[in-house]
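Q:
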Amino acid sequence: MKTFKFLAIIFLSCFILSCGTNSSKNKSNFIIKTNTKDHAISNSETLTLTLENPKNYPIDSVNYYMNGESIEEKSALTTIKLGTQRIEATVYYNNEHEKVSSSITILNNEPPKIYTYKIINEYPHDITSYTQGLEFFNDTLYESTGQYKESKLRKVDYKTGKVIKNINLADDYFGEGLTILNNKIYQLTWQEGIGFIYDVNTFEKLNNFKYGKSKEGWGLCHNNQTIYKSDGTEHIWLLNSETLVEENNIQVYTNKGKIIGINEMEWIDGDIYANRWQKDGVAIINPKNGAVIGVIDFSPLKELVTQHQGLDVLNGIAYNPKTKTIFITGKRWDRLFEVEIVKN
Numbered sequence: 005m006k007t008f009k010f011l012a013i014i015f016l017s018c019f020i021l022s023c024g025t026n027s028s029k030n031k032s033n034f035i036i037k038t039n040t041k042d043h044a045i046s047n048s049e050t051l052t053l054t055l056e057n058p059k060n061y062p063i064d065s066v067n068y069y070m071n072g073e074s075i076e077e078k079s080a081l082t083t084i085k086l087g088t089q090r091i092e093a094t095v096y097y098n099n100e101h102e103k104v105s106s107s108i109t110i111l112n113n114e115p116p117k118i119y120t121y122k123i124i125n126e127y128p129h130d131i132t133s134y135t136q137g138l139e140f141f142n143d144t145l146y147e148s149t150g151q152y153k154e155s156k157l158r159k160v161d162y163k164t165g166k167v168i169k170n171i172n173l174a175d176d177y178f179g180e181g182l183t184i185l186n187n188k189i190y191q192l193t194w195q196e197g198i199g200f201i202y203d204v205n206t207f208e209k210l211n212n213f214k215y216g217k218s219k220e221g222w223g224l225c226h227n228n229q230t231i232y233k234s235d236g237t238e239h240i241w242l243l244n245s246e247t248l249v250e251e252n253n254i255q256v257y258t259n260k261g262k263i264i265g266i267n268e269m270e271w272i273d274g275d276i277y278a279n280r281w282q283k284d285g286v287a288i289i290n291p292k293n294g295a296v297i298g299v300i301d302f303s304p305l306k307e308l309v310t311q312h313q314g315l316d317v318l319n320g321i322a323y324n325p326k327t328k329t330i331f332i333t334g335k336r337w338d339r340l341f342e343v344e345i346v347k348n
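The sequence shown begins at 5 in my numbering and counts up by one.
Take a look at the structure:
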């Protein structure tokens with residue numbers, strides 16, 4: 005009886021897994037070959053695509069695509085976004101057609117420039133604030149803070165540190181980045197998959213919005229038309245400012261590889277300035293292709309604030325159009341630094 009049961013199990017397993025069938029049926033007859041090195045290529049190079057045809061089928065034509073857009077067998081990459089890109093070929097042969105795909109990684113053609121800074125002023129900052137988002141609007145500072153049961157949205161007189169207006173988020177929300185557009189404040193939550201929209205003057209909650217492919221909320225900024233959202237990965241998502249739908253994304257890359265942990269962001273003179281989680285610096289990102297074009301090392305600032313048990317990493321970057329200067333702080337820092345970037 006045991007033998008019969010064992011054979012029955014083997015038979016059923018073979019039936020479910022198609023034992024003895026030819027698995028090559030699902031194999032592609034063609035392979036896309038590229039001139040990449042370990043599947044990576046610089047955006048200053050020309051991508052060359054060829055088709056490997058091991059069975060020597062007579063091929064009528066081949067159409068190549070990158071992320072669904074038609075490309076040539078030889079394509080310049082200067083205008084292509086960085087990061088992992090999907091390459092697809094549709095092969096027409098023997099009155100049939102077959103699709104094959106591959107992926108490549110496009111890197112920036114040069115390393116980021118290293119910049120320094122000069123401190124112009126120092127201002128008081130609430131030492132209890134676990135700063136997540138920071139932005140100026142009409143010469144007034146707005147701040148979003150994190151941690152469950154501690155998250156807030158604030159309007160602050162940056163020169164005195166005085167809180168002008170404050171609301172607390174519900175205990176089960178972890179506040180994250182914010183940005184202000186068309187007299188509305190947009191505030192993220194971390195892992196709750198939801199963002200809040202407030203009236204900038206009254207702090208009245210107007211609406212909520214949900215995330216799309218980005219699973220978490222980290223940082224926000226905007227260019228007066230599009231809202232940019234980070235989620236802790238190398239991706240920055242482009243949101244329609246009316247519907248808040250994630251319509252596109254860029255991937256943050258250098259000449260070596262991807263940069264993850266993109267956090268609080270600020271739009272400054274056509275570029276995205278972004279904190280990186282657990283890094284005491286700011287990356288300057290080209291919003292068109294995701295290239296890190298510069299890095300500012302702010303690590304000395306942490307030594308200038310009161311050292312205490314709850315002191316955490318640098319996080320919080322805001323640009324004041326009135327003074328044309330940048331403001332930097334951190335989580336539970338008691339100082340807000342006004343700085344000028346020195347581009348050597």
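Just so it is clear, CB atoms sit at the ideal spot from N, CA and C, and this is done for glycine as well.
Computed from a predicted model, the values in this text were never measured in an experiment.
Evaluate residue 27 with the Cβ neighbour count: other Cβ atoms within 10 Å of its Cβ, from every protein chain shown; 16 or more gives buried, anything less gives exposed.
A: Unreliable placement is indicated for residue 27, whose pLDDT of 32 sits below 50; no coordinate value is reported for it.
Q: Could you name the residues of the same chain whose beta carbon sits closer than 8 Å to that of residue 212, not counting the 5 residues immediately before and after it, in chain order?
A: Cβ neighbours of residue 212 within its own chain (closer than 8 Å, five residues either side excluded): 198, 199, 200 and 201.
Q: Taking just the CA atoms, how far does residue 65 sit from residue 96?
A: 5 Å
Q: Does DSSP put residue 128 in a helix, in a strand, or in coil?
A: strand
Q: I'd like the ranges of any beta strand (DSSP E) spanning at least 3 consecutive residues and lying wholly in the region 151 to 205.
A: 156 to 161, 166 to 172, 179 to 185, 188 to 193 and 198 to 203
Q: When the Cβ atoms of the region 106 to 118 are set against those of the region 156 to 169, are three or more pairs found closer than 8 Å?
A: no
Q: Comparing C-alpha positions only, which one of 294, 218, 299 and 336 sits nearest to residue 89?
A: 294
Q: Measuring alpha carbon to alpha carbon, tell me which residue in 170, 224 and 179 is nearest residue 206.
A: 170
Q: At 3 residues or longer, what runs of the beta strand (DSSP E) sit wholly inside the region 198 to 273?
A: For secondary structure counted as the beta strand (DSSP E) over 3 or more consecutive residues, the region 198 to 273 holds these complete runs in sequence order: 198 to 203, 209 to 214, 223 to 226, 230 to 234, 239 to 244, 250 to 255 and 266 to 272.
Q: Beta-carbon within less than 6 Å of residue 333's beta-carbon, same chain only, minus the 5 sequence neighbours each way: which residues are those?
A: 129, 135, 320 and 340
Q: Within the continuous beta strand (DSSP E) that includes residue 320, where are the two ends?
A: 318 to 324
Q: Restricting to runs no shorter than 4 residues, where is the alpha helix (DSSP H) found entirely within the region 72 to 105?
A: Within the region 72 to 105, no complete alpha helix (DSSP H) run reaches 4 residues.
Q: So who's on the other strand from residue 110, going by DSSP bridges?
A: 45 and 87
Q: Give every residue of the same chain whose Cβ lies closer than 7 Å to the Cβ of residue 183, excluding the five residues on either side of it in the sequence, and list them in chain order.
A: 139, 190, 224, 225, 226 and 231
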